[in-house]
Amino acid sequence: MAPSMPEAAMKLLLVRPLVPAPLDPNFAPVVLAKRNYLKHVGSSEHLEWALPRSDGCARYKLPIFPEGHEDFEASVYLAGVLIQEMIWQRSAKSLMLAGPKKICELLKEAYSAGGAYEFEINSMPNVCGTLSEPFQVQIVSPAELPESKDTPQVCGKDASGCRLAFDLGKSDIKTVAVKDNEVLYSKETEWDVTNPDPDYHYKMVVDALNLAKAALPKVDAIGGSATGTVSGDNGATWCDIFPNVPPDVYKAKVVDIFRRIAHEVAGDVPLKVINDGEVTALAAVQKLEGLGNIMGISMGSSEGGGYANSDGNLLGWINEMCYIRLDLNPEAPTDPWTKGSHTGISHMYLGQRGATKLAAKAGVKVPENNV
């Protein structure tokens with residue numbers, strides 16, 4: 303079940319907007335909680351953490367109330383929320399904590415088996431493609447924390463030549479054929495993401511791309527987007543468009559599915575697959591003629607996010623933003639994917655579920671399983 307916020311933490315962290323949302327008056331966004339906390343903490347003590355991943359590392363430093371202070375629990379709770387957010391933004395093979403002993407021990411417990419963030423520690427080995435390496439939590443000195451590091455990826459800046467593109471969502475496969483930035487073919491094909499057979503998914507995407515390919519004299523490159531996490535080498539490490547494929551079959555026949563699809567359709571042409579939110583960010587960079595520092599949000603069956611830096615490049619993050627907390631309201635909805643591990647996560651607000659939830663409150667009749 304989702305962990306509840308301690309009463310001692312509510313005083314600082316349960317902050318509602320001055321103008322309440324008419325259909326969700328108890329909405330208490332995380333951003334207001336963080337602002338209010340930072341306004342009051344005024345502490346010389348800090349908690350630092352690092353989230354190492356295969357091609358980088360995320361770092362953060364949070365001022366905290368000392369152990370024994372009446373607002374100490376607010377520090378523990380907010381740190382847990384912010385770490386969880388960074389895990390789904392960047393990915394992580396481990397969590398390294400540096401700071402006062404008590405808060406580090408409490409967070410280590412929260413990010414261990416049976417803790418409040420068990421969903422994260424069970425998910426990250428799949429996300430990172432390191433199934434043989436369980437997620438670890440270490441308490442270290444500040445000097446032992448690795449430096450912050452990103453791995454910028456240049457993509458989406460050349461639309462010349464003959465290109466195929468696909469977008470894999472939870473309801474359909476979108477395919478496009480483009481020649482010198484002109485769309486020659488575009489189609490949406492319904493598919494059943496609940497099918498447990500990876501060969502079914504492989505054939506559906508190959509067939510859809512081959513129809514698009516017929517509109518081009520040749521294929522110079524293929525680009526794709528998919529919900530979930532995609533590795534830098536186009537591996538479908540943890541894509542929720544294949545939810546019912548058994549884990550052992552997933553590893554054998556889904557992780558490399560994008561590479562196999564591209565090779566069958568067009569041989570060894572360049573391939574780049576990213577998540578749908580990152581596509582949104584890169585599209586904004588193009589529309590703004592190369593300007594950077596862009597956040598893109600893609601809203602469909604769920605919600606995706608993406609970031610482009612000042613040069614208009616992606617940063618090597620996973621951007622699985624649908625799992626981050628938006629709402630600290632204790633009565634916020636849980637979600638079906640994490641099996642109630644958290645309340646108030648973003649895909650329950652930004653996307654079809656959020657829209658239908660509010661529509662139902664407004665008196666619109668919607669299917670019960672969509673609320």
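The numbering of the sequence shown is our numbering, which starts it at 303 and goes up by one. Positions of the beta carbon are idealized from the N, C-alpha and C atoms, including for glycine. Model, not experiment: these values are computed from the prediction.
Candidates the options, of which the one nearest residue i by Cα
i	options	result
Q391	G592, V547, A330 and G598	G598
I366	Q455, L380 and E435	L380
L408	D452, P669 and E369	E369
M307	R627, L660 and Y651	R627
C430	G401, S396 and Y504	S396
H565	V547, W540, Y504 and V587	Y504
V571	H342, R465 and P319	R465
S377	S612, C359, H342 and V668	H342
A479	G471, G463, L470 and W493	G463
L399	L433, I441 and M650	I441
V557	C541, P632 and K667	C541
K404	L433, S393, F374 and I423	F374
S604	S648, K659 and E449	S648
N424	K459, Q386, A461 and D452	Q386
P444	E350, E633, E484 and L590	E350
V567	P548, A461 and K515	K515
T453	Y651, D522, K489 and G358	G358
P427	K553, Y651, E411 and R561	K553
G450	K336, A412, G608 and L353	Gly is not the amino acid found at residue 450; the sequence shown has Ser there. Residue L353 is the option with its Cα nearest to S450.
L433	L593, P549 and A323	P549
L334	L630, W493, S643 and L593	L630
G592	D578, N611 and K667	N611
F583	A412, K336 and K459	According to the sequence displayed, residue 583 carries Ala and not Phe. Taking only the C-alpha atoms, the option nearest A583 is K459.
V495	D482, A657, S473 and E633	S473
Enclosing beta strand (DSSP E) for residue i [first to last residue]
i	result
Q455	Here Q455 belongs to no beta strand (DSSP E), and DSSP marks it neither H nor E.
D474	D474 to K481
L660	Not the beta strand (DSSP E): L660 falls in the alpha helix (DSSP H), residues Q654 to K663.
K313	Counting along the chain, K313 falls outside any beta strand (DSSP E), though it belongs to the alpha helix (DSSP H) covering E309 to L315.
V439	Q438 to I441
Residue i - DSSP class collapsed to helix/strand/coil
i	result
V668	coil
D469	strand
K641	coil
E411	helix
Y487	strand
A634	coil
I620	coil
R627	strand
D613	coil
D501	helix
E350	strand
E446	helix
Assumed close pair residue i, residue j - CB separation to whole angstroms, cut-off 8 Å
i	j	result
L447	R361	7 Å
A510	T529	16 Å between Cβ atoms; not a contact.
T531	I620	5 Å
Q455	G534	7 Å
Y290	G382	Residue 290 is absent from the structure shown; the chain starts at 303 and stops at 673.
I576	S527	6 Å
M506	I543	Contact doesn't hold; Cβ gap of about 11 Å is too wide.
V508	I563	6 Å
M601	G646	About 17 Å; that fails the 8 Å criterion.
A330	L316	5 Å
G416	A467	No, G416 and A467 are not in contact; Cβ-Cβ is about 44 Å, not under 8 Å.
K663	L325	5 Å
G579	G608	4 Å
L573	N536	6 Å
N546	P498	4 Å
A310	E411	About 18 Å; that fails the 8 Å criterion.
Span of the alpha helix (DSSP H) around residue i
i	result
V429	E420 to V429
Y697	Lying outside 303 to 673, the shown extent of the chain, residue 697 is not represented and no answer is given.
V551	P549 to K555
Query raised in the report: If you scan the segment 354-403 from start to end, which runs of the beta strand (DSSP E) of 3 or more residues do you find wholly inside it?
Result: 358-365 and 396-400
Query raised in the report: Enumerated in chain order, which unbroken segments of the beta strand (DSSP E) with a length of 3 residues or greater are wholly contained in the segment 504-544?
Result: 523-528
Requested in this report: List in chain order: all unbroken beta strand (DSSP E) runs of 3+ residues lying wholly within the segment 565-608.
Outcome: Correct list: 573-577 and 596-601.
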